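Those protein sequences? They're chains A and B, same order as listed. Mapped onto UniProt numbering, the consecutive letters of the first sequence carry residue numbers 1 to 234. Mapped onto UniProt numbering, the consecutive letters of the second sequence carry residue numbers 1 to 234. Each remark here refers to the structure printed beneath this line.
2 protein chains.
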Amino acid sequence: MEDFKNELATIDTRSLVDKVEMTLINLLIRKELKPGDKIPKEIELVEALGVSRTVVRESLTRLKTIGLIESVKHRGAIIKSPDLLETFKKAMIPGVMDQTTLRDIFEMRLVLEIGMADLIFQRKTDEDVKELSEIVANEPESSEGILFEVDHEVKFHGKLYKMTGNQTMMNFQNLLLPVFSYVYDSKLIERPIKKRSYVSHRELVDLLKRGTAESFREGMRKHLENHFQRMFGE
Amino acid sequence: MEDFKNELATIDTRSLVDKVEMTLINLLIRKELKPGDKIPKEIELVEALGVSRTVVRESLTRLKTIGLIESVKHRGAIIKSPDLLETFKKAMIPGVMDQTTLRDIFEMRLVLEIGMADLIFQRKTDEDVKELSEIVANEPESSEGILFEVDHEVKFHGKLYKMTGNQTMMNFQNLLLPVFSYVYDSKLIERPIKKRSYVSHRELVDLLKRGTAESFREGMRKHLENHFQRMFGE
DNA sequence: GACAATTCTTATGTATGACATAATAAAAAG
DNA sequence: CTTTTTATTATGTCATACATAAGAATTGTC
Numbered sequence: 001m002e003d004f005k006n007e008l009a010t011i012d013t014r015s016l017v018d019k020v021e022m023t024l025i026n027l028l029i030r031k032e033l034k035p036g037d038k039i040p041k042e043i044e045l046v047e048a049l050g051v052s053r054t055v056v057r058e059s060l061t062r063l064k065t066i067g068l069i070e071s072v073k074h075r076g077a078i079i080k081s082p083d084l085l086e087t088f089k090k091a092m093i094p095g096v097m098d099q100t101t102l103r104d105i106f107e108m109r110l111v112l113e114i115g116m117a118d119l120i121f122q123r124k125t126d127e128d129v130k131e132l133s134e135i136v137a138n139e140p141e142s143s144e145g146i147l148f149e150v151d152h153e154v155k156f157h158g159k160l161y162k163m164t165g166n167q168t169m170m171n172f173q174n175l176l177l178p179v180f181s182y183v184y185d186s187k188l189i190e191r192p193i194k195k196r197s198y199v200s201h202r203e204l205v206d207l208l209k210r211g212t213a214e215s216f217r218e219g220m221r222k223h224l225e226n227h228f229q230r231m232f233g234e
Numbered sequence: 001m002e003d004f005k006n007e008l009a010t011i012d013t014r015s016l017v018d019k020v021e022m023t024l025i026n027l028l029i030r031k032e033l034k035p036g037d038k039i040p041k042e043i044e045l046v047e048a049l050g051v052s053r054t055v056v057r058e059s060l061t062r063l064k065t066i067g068l069i070e071s072v073k074h075r076g077a078i079i080k081s082p083d084l085l086e087t088f089k090k091a092m093i094p095g096v097m098d099q100t101t102l103r104d105i106f107e108m109r110l111v112l113e114i115g116m117a118d119l120i121f122q123r124k125t126d127e128d129v130k131e132l133s134e135i136v137a138n139e140p141e142s143s144e145g146i147l148f149e150v151d152h153e154v155k156f157h158g159k160l161y162k163m164t165g166n167q168t169m170m171n172f173q174n175l176l177l178p179v180f181s182y183v184y185d186s187k188l189i190e191r192p193i194k195k196r197s198y199v200s201h202r203e204l205v206d207l208l209k210r211g212t213a214e215s216f217r218e219g220m221r222k223h224l225e226n227h228f229q230r231m232f233g234e
């Protein structure tokens, strides 16, 4: 009985659509198709692959969904440079994401903001710093409402992301904002102890003006101290 | 003639599938559906929405593609906690991604590795450090082949990602590996000047044993100096 | 009456054919 | 030669039919 195991290849359980999808992706890779290139029309694929138009269309739908191709109505489909973030913007529904992932994402934010000091220092302009100063100047005293504070928090840190000059990172932050507010609102991590953070926004701007990438990085680390404490318990 | 402009609402050019997709996503959000919950079967959606099964199925295909739902054959579809990274693994074909995005992603790697010092220090175990020591011990002298070096580079830094205990970040790194090798191979950034990095893997392990999160962070920053120089050009 | 074997029933997967529509190309009109 | 009109074409949508496998219902056996 056992002998058969070696003779029998595992059966391919994938659906036709799965196979066609793989075939198409491999085609893109093998033929080194670049954005803008046209891909065969549905009928041609039907004939070449020997499956129904239904299957071909479903495969194409998948590729469209992940942003690899774009179809111009009545014209055909073309390769597209996928906007990675756009793709899962739709999937970014905090309510349906499991808690571990939410925590992970929250952590990644902290990691990114600490690590981006060099990019900021390399690319900051006087105008950026001025704008950041104004944002800080408009911040209310910490005694005022927390909702307002969150708003300013987003403004300040958002500007920092912009200053990295890294569009992908900016998109990333934008994408993650709903997750952050969700995490704040939920009981996922305990409510902030709201002890004054060791380094304020104001001080960070100061480091930006007169400090170095290193000092700014450490300043940011201390600024985020509250968050770290909440993540690691204590 | 001009007067009409105010009277006329802009026509909705979205396809039926677009609308159904939005409707379904809003349903998930409004009804606060959680992973595991069942969603109506195709026929029911057909009747409720007044569109053909073709349209419903194409909408569902999209949701499946971004990982929001999962369909069990002949049973129905259920809500799924989307694995965000899995989603665009398929779209991660460096050849079709535009160069700016590739650069951005490469930068994000540097940012992450510098920023993750705290996570590593918080969660490292003796075993981790031991394993890392062994990886370093097996590294060839820098005189040997570059291909080998890339391999060890991946091993070492990959282990660091693991040590963060952040699954999402690990997946992220895994996902980005093809991008890195592509960026290396391409002329996207100039070939490394291969000046000895200021801090070696060996020294990093040492910082991990005897240093602090801060010193390790700065060590990593110096270790990645080569990459930064190439990104920023002199 | 409990359990096993068999047969529906059901929901998705796949195939086929049809028609609408809009972008383009081709043909006709001036 | 330019403009207008008329095919042509490829995708979007609809309708219908059947295959298949999971689960439910039924039957059969002891």
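Using N, Cα and C, we set each Cβ at its ideal position, and we do this for glycine too. Computed from a predicted model, the values in this text were never measured in an experiment.
query: With 16 other Cβ atoms within 10 Å as the buried cut-off, status of B/Gln99; result: exposed
query: Host beta strand (DSSP E) of A/Ser71 (start-end); result: 69-72
query: CB contact flag (B/Leu49, B/Ile39, <9 Å); result: no
query: Closer than 9 Å to chain A by CB, B/Phe228; result: yes
query: Proximity test, Cβ basis, 9 Å: B/Leu16 and chain A; result: no
query: Contacts of A/Ser81 in chain B (Cβ-Cβ under 8 Å); result: Val96, Met97, Asp98, Thr101
query: Under 7 Å by beta carbon: chain A residues contacting B/Glu107; result: Leu119, Asn166
query: Meets three-Cβ-pair contact criterion under 8 Å: the segment 66-77 of chain B and the segment 156-169 of chain B; result: no
query: Residues of its chain near B/Leu63, where Cβ-Cβ distance is below 6 Å and the 5 sequence neighbours each way are ignored; result: Ile69
query: Per-residue contacts from A/Met116 into chain B (C-beta, under 7 Å); result: Val111
query: Cβ contact check for the segment 124-136 of chain A and the segment 77-91 of chain A: 3 or more pairs under 8 Å; result: no
query: Members of the segment 64-80 of chain A near chain B, C-beta cut-off 7 Å; result: Thr65, Ile66, Gly67, Leu68, Ile79
query: Residues that DSSP places opposite A/Gly76 in a beta bridge; result: A/Val72
query: Three CB pairs or more closer than 8 Å across the segment 217-226 of chain A and the segment 29-44 of chain B; result: no
query: Span of the alpha helix (DSSP H), counted from its first residue to its last, around A/Ser215; result: 213-223
query: CA nearest to the CA of A/Gly36, picked from A/Ile79, A/Pro178, A/Ala213; result: A/Ile79
query: Contact with chain B by A/Lys162, beta-carbon distance below 9 Å; result: no
query: Bridge partner(s) assigned by DSSP for B/Lys38; result: B/Ile78
query: Amino acids of chain A, ordered along the chain, whose beta-carbon sits closer than 9 Å to that of B/Arg53; result: Within chain A, no residue comes near B/Arg53; the closest Cβ sits about 11 Å away, beyond 9 Å.
query: Reference B/Asp18; option with closest CA among B/Leu119, B/Thr61, B/Asp118; result: B/Thr61
query: Minimum Cβ-Cβ distance from A/Leu84 to chain B less than 9 Å; result: yes
query: Proximal residues, the segment 22-47 of chain B versus chain A, C-beta separation under 8 Å; result: Ile25, Leu28, Ile29, Glu32, Leu33, Lys34, Pro35
query: Close-in-space but distant-in-sequence residues of the same chain around B/Ser81 (CB under 6 Å, 5 per side omitted); result: Pro35
query: C-alpha gap between A/Lys162 and A/Asp118, whole angstroms; result: 13 Å
query: Cβ-based neighbour list, B/Met170, same chain, cut-off 7 Å, excluding 5 preceding and 5 following; result: Tyr161, Lys162
query: Which of helix, strand or coil DSSP assigns to A/Ala117; result: helix
query: As assigned by DSSP and simplified to three states, the class of residue 237 of chain B; result: A query on residue 237 of chain B cannot be resolved here, the shown segment of chain B reaching from 1 to 234 and no further.
query: For residue 244 of chain B, three-class secondary structure by DSSP; result: With chain B covering 1 to 234 only, the question about residue 244 of chain B has no answer from this structure.
query: Within-9 Å CB hit, B/Phe88 to chain A; result: yes
query: Beta carbon proximity, B/Asp104 to chain A, threshold 9 Å; result: yes
query: Burial state of B/Ala91, where buried means 16 or more other Cβ atoms lie within 10 Å; result: buried
query: Endpoints, the alpha helix (DSSP H) within which A/Val199 is located; result: Run containing A/Val199: none; DSSP gives neither H nor E here.
query: Coil, strand or helix - B/Thr87 by DSSP; result: helix
query: Short CB-CB distance (under 9 Å) between A/Glu203 and chain B; result: no
query: Three-state secondary structure (DSSP) of B/Arg123; result: helix
query: Best match in A/Ile114, A/Arg210, A/Val20 for proximity to A/Asp126 [C-alpha to C-alpha]; result: A/Arg210
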